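Notes follow once the structure below has been shown.
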Amino acid sequence: YAAKSSRSGIEIYRPEMSERLLRRAQLASRLQHALDEGALELYYQPQVTVADGTLVGAEALLRWHDPVLGQVSPDEFIPLAEHRGLIGAVGQWVAAQACRQLHHWESAGRALPGQLAINISPRQLDDPQFAEQLLELVRQAGVLPGKIDLELTESGIMIDPESSLSILQKLKDAGFSLSLDDFGMGYSSLAHLRGFPLDKIKLDRSFVLGMLEQPHDYAIVVATIAMAQSLGLRMVAEGVESALQVDALKRLGCSHAQGYFYGVPLPAEQFAEQWLNT
Ligand code: C2E
Ligand code: MG
Ligand code: MG
Ligand code: MG
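All residue numbers for the sequence shown refer to full-length UniProt numbering, where the first residue is 462 and numbers rise by one.
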């Protein structure tokens, strides 16, 4: 990866470029090991009612601790997994682990109230077997599809809206619930949204972050709450970090929330300690 110094001076050495390439190559080769060696872990973040902070479910968030590279953020390795064709295997692991955990909590007398949400990458929908495989996996784990909420992004389902619709309808019919993640950040039109069998909208945290300072962010929060209500969808405000935001969301009639104010993502054991009754 050493830079070639050219006599003509045309090739310009840019250390940040080769560092990035080196990092990507390392990550890609380590990710396969991570899958094989059990270096992946799910953390759990509570979802609550805005009215009184009652637990209504959790979101499973993937963590990767590599012995060599250290902690790697999903914002970095999920796109890489998608690019390298590993997202199918990663997604299967996440779904299986989520089911094992639900089952474990249940048999320990600490059942999770509501649903466990898992994130689905748009690339997983490319696999024609995706819906069947997920259903089979959940069935074999002895978990009811109704306990699982599938989070998809707007941009994700809009890559191929027709094919997404048929897959999502199949999953919906099987009993899964469907959430639109990071709402407001994608490029979907409301006409498209109308056609999808959704249960929840998760308003992207950037709007919640700015809602008390930026009139436009506030307006979008207000409008999204109203839209969710009139479409009969549950609305989850993401990234809630302060009591002032909670007050405002309560006043505006937002039903559900998730964010550091209520709880950070935790390993299964600690999540149960803090949130699940014995
Ligand atoms: P996401 O699905 O929108 O998840 C929410 C992200 O916001 C999480 O970041 C969470 O830790 C963070 N968050 C929650 N509350 C707050 C808050 O109050 N303030 C701030 N600043 N952040 C908050 P995380 O865990 O780093 O995940 C990042 C993204 O990686 C996720 O965004 C999701 O798109 C993706 N991801 C995570 N796990 C999986 C997975 O199992 N499969 C797939 N396909 N993607 C995943
Ligand atoms: Mg999510
Ligand atoms: Mg989100
Ligand atoms: Mg996100």
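For each residue, glycine too, the CB sits at the ideal point set by N, CA and C. Since we're looking at a predicted model, the values are computed, not measured.
Element boundaries [beta strand (DSSP E), containing Y679]: According to the DSSP assignment, Y679 belongs to no beta strand (DSSP E) but to the alpha helix (DSSP H) extending over 676 to 692.
Buried or exposed (CB count within 10 angstroms, at least 16 for buried), Q585: Under a 10 Å Cβ-count criterion, Q585 is classified as buried, with 16 or more other Cβ atoms of the shown protein chains found around its own Cβ.
Nearest-angstrom Cα separation, counted from S691 out to L503: Rounded to whole angstroms, L503 to S691 spans 34 Å at the Cα level.
C-beta atoms of M688 and C715 nearer than 8 Å: Judged by their CB atoms, M688 and C715 are not nearer to each other than the 8 Å cut-off.
G552 versus L639: straight-line alpha-carbon distance, rounded: Cα-Cα distance, rounded: 16 Å.
The region 576 to 584 / the region 514 to 525 touching (three or more Cβ pairs under 8 Å): The region 576 to 584 is in contact with the region 514 to 525.
V707 and V669 closer than 8 Å at C-beta: Going by C-beta atoms, V707 is not nearer than 8 Å to V669.
For Q493, the three-state DSSP class (helix, strand or coil): Of the three classes helix, strand and coil, the one that applies to Q493 here is helix, per DSSP.
Rounded C-alpha distance that separates W525 from L713: Roughly 37 Å separates the two Cα atoms.
In DSSP terms, what P728 is bridged to: Its beta-bridge partners are Y504.
Residues sharing a beta bridge with E477, DSSP: BP columns for E477 are empty, so no partner.
Residues of its chain near Y723, where Cβ-Cβ distance is below 6 Å and the 5 sequence neighbours each way are ignored: Contacts found: P507, V509.
Pair within 8 Å by beta-carbon distance, W566 and A718: Between W566 and A718, the C-beta gap is not smaller than 8 Å, which leaves the two residues out of contact.
Whether D643 touches D665 by CB criterion (8 Å): In contact: D643 and D665 (Cβ atoms closer than 8 Å).
Distance between L673 and T739 (C-alpha atoms, nearest Å): A direct Cα-to-Cα measurement between T739 and L673 gives close to 38 Å.
Secondary structure of F657, DSSP reduced to three states: Assignment of F657 by DSSP, reduced to helix, strand and coil, places it in the coil class.
V529, buried or exposed, once every other Cβ within 10 Å from all chains shown has been counted against 16: Exposed: under 16 other Cβ atoms inside 10 Å.
CB of L641 within 8 Å of CB of L659, strictly: For the 8 Å CB-CB criterion, L641 and L659 form a contact.
Those residues which DSSP pairs with N580 across a bridge: Note: N580 sits in a beta bridge opposite E612.
Selected residue, minimal CA-CA separation from A512, among W736, E730, L710, P728: Each of W736, E730, L710, P728 was checked against the Cα of A512, and the nearest Cα belongs to L710.
Alpha-carbon spacing of T515 relative to E612, whole angstroms: Between T515 and E612, the C-alpha separation is close to 21 Å.
DSSP beta-bridge partners of Q532: DSSP, once it has assigned bridges, lists H526 as partnering Q532.
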